[in-house]
Amino acid sequence: MSSFKRADRVADLIRMEIADLLLKQVRDPRIGSVTITGVKVTDDLRTAKIFFVEMGKDACSEDVQAGLKKAAGFLRRELGRRLQLRFAPELLFAYDPSFAYGDRIESLLTEIRREEEKHAAED
């Protein structure tokens, strides 16, 4: 028996399909720089929470949120057609702060490394 739940497999398919649709079919300039980072699907497959980042930005703009909300109906319809699920899941979009958090940690570690090198050079 597989160790992955069906919801996990469907979430991965949704992530790939949404990324493809955003890249190839959605023409809204507000969401041109959006990257899908993950998808969580409820066990009943009725709701999908889609996590995204806006490349080059540390926070999500309201324009991007509005663009994704406007495209949600089209994306849901296309997902239903492509994945052939009994019910196309409701799509909820959420900004993923983990990339900005990771960048902040990396900059702090770089700063610590510089300080250690500076102190080592003084000794």
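If you use our numbering, the sequence shown corresponds to residues 1 to 123, in order. Glycine included, each C-beta is placed from N, C-alpha and C at the ideal position.
In the DSSP assignment, what residue or residues form a beta bridge with residue i?
i	result
G38	F51
CB-CB under 7 Å to residue i, same chain, minus the five flanking residues each way: which ones, in chain order?
i	result
T35	F52, V53, M55
G80	A88
Tell me which residue opens and which closes the beta strand (DSSP E) that residue i is part of.
i	result
A94	90-95
Alpha helix (DSSP H) containing residue i: first to last residue?
i	result
Q65	62-83
V10	6-24
Using DSSP with H/G/I as helix, E/B as strand and the rest coil, what is residue i?
i	result
L127	Given that the chain is displayed from residue 1 to residue 123, the structure contains no residue 127 and the question cannot be resolved.
D28	coil
S107	helix
K57	coil
S98	helix
R143	Residue numbering for the chain in the displayed model covers 1 to 123; residue 143 lies beyond these limits and cannot be assessed.
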